[in-house]
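Numbered per my numbering, the sequence shown finishes at 239, counting up by one with no gaps. Backbone N, C-alpha and C define an ideal beta-carbon position, used for all residues, glycine too. Predicted, not measured: the structure shown is a model, and the values here were computed from it.
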Amino acid sequence: MWDDGCSSFIKKIGYNDVIRVVHANGRVEEITHSIGAAEFMKSYPKHVLRRPPEDDNGIVPPNAELQKGKIYFLMPVSVGLEKEMRRRRRRRREVERQRVASHDRASFLMSDQYLLEILSEVASHDRDRRRGRVGIWRPHLETISEVSCDL
């Protein structure tokens, strides 16, 4: 939208005591009083405020206070928000896949370890039975019931 020359020019000639909002048609709106993003966007439904590209912070949240001396860009939701939301969804899906994969890997390793332990116990139990030794006792937890006693 704005190349570096234009945004640098606005910054140089501007004062630090106003908030500048650049509209999609190029009109610059200067606001002298402090205002929240949500309050400003009430006048422009289906629009979103973005920070300059060099700030790389993306969309201004509605609960943010607009800062004097800063430049914001007012863009239709379909242009700015759609790209941002797509990027966030993709990032969220990747994180979820990684979390599920690590959880599956951990549960697989635990179940694999448990099976190896059982198999080694069975093998050692058979060996011990031939030698006359007693096997390993494991409680059957499903047969043990817990009773709460209230005093």
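By DSSP, does residue i sit in helix, in strand, or in coil?
i	result
residue 160	strand
residue 165	helix
residue 142	coil
residue 153	strand
residue 93	Caution is warranted here: a pLDDT of 48 is assigned to residue 93, below 50, making its placement in the model unreliable, and no coordinate value can be reported.
residue 234	coil
residue 177	helix
residue 189	helix
residue 112	coil
residue 202	helix
residue 122	coil
What is the residue span of the alpha helix (DSSP H) that residue i lies within?
i	result
residue 127	125 to 129
Count the other CB atoms within 10 Å of the CB of residue i; is the residue buried (16 or more) or exposed (fewer)?
i	result
residue 204	exposed
residue 147	buried
residue 187	exposed
residue 160	buried
residue 138	buried
residue 206	exposed
Where do the ends of the beta strand (DSSP E) carrying residue i lie?
i	result
residue 116	116 to 119
residue 136	135 to 138
To which residues does DSSP link residue i through a beta bridge?
i	result
residue 106	Partner(s): none; residue 106 has no beta bridge.
residue 147	138
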